[in-house]
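This report concerns only the one structure given below.
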Amino acid sequence: MAEPRNRYSGVSLILHWVIALAVVVQVLLIMAHDATEGPLSREFVQVHKAVGLTILVLTLGRIGWRLTNPLIALPVEMPRWERILARTTQIAFYVVLLVMPLTGWLASSAGGREISWFGLLQWPLLPVGGGREAAGQFMDVHGAVAKLLYLLILLHVVGALKHQFINRDNILHRMIPLIPRRP
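Counting from 68, one number per residue, gives the positions in the sequence shown under the numbering used here.
In structure tokens:
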């Protein structure tokens, strides 16, 4: 199960793509929330909270996996600035994928708003107070970090496409099993 030398392991692939899909679902849920009103809008928010907490747990699992399974080395021909940008972006993703659900959880907790995890259990609220004002401040951070997340996604996708179509260096092959390795 350890990371192979030229491609990420099944565990890394599953965590990467499940988290990526969950992030897309989050964006769609908030768009649906913004486009609706009443009980349906509130239901979109409840599912958004449950997916967010799932992302938190998966990200913690991914960090644990990463700590015990070092990253695959980047190509030696890759310029230093590009290696630094790649690793900085990866670390920033971990930070954002922790801060986003934590600030949402803190906002719900401060506002005394229950969190149902897909109707299966009540997620415990954090011991924070402050009411609506504190909840609003946490949501301000949540929104600002969302903008950073969009920037990171853009950087990540542009970088992956650059490596696939310009550099042609098998970087994308490491994370997408359907892409054959180039000789």
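Cβ atoms here follow ideal geometry from the backbone N, Cα and C, with glycine treated the same way.
Between the C-alpha atoms of S76 and V85 there is a straight-line separation of about 14 Å. Judged by DSSP secondary structure, Q189 falls within the beta strand (DSSP E) whose first and last residues are L188 to W190. Taken in chain order, the complete beta strand (DSSP E) segments of 3 residues or longer contained in the segment 140-218 are 182-184 and 188-190. Taking C-beta atoms under 8 Å as the contact rule, P168 and L120 qualify, at a distance of about 6 Å. Around P247, the same chain offers H240 as residues with beta carbons nearer than 8 Å, after the five sequence neighbours per side are excluded.
In the DSSP assignment, R109 falls within the alpha helix (DSSP H) that extends over G105 to T135. Around the beta-carbon of K116, 16 or more other beta-carbon atoms lie within 10 Å, marking it buried.
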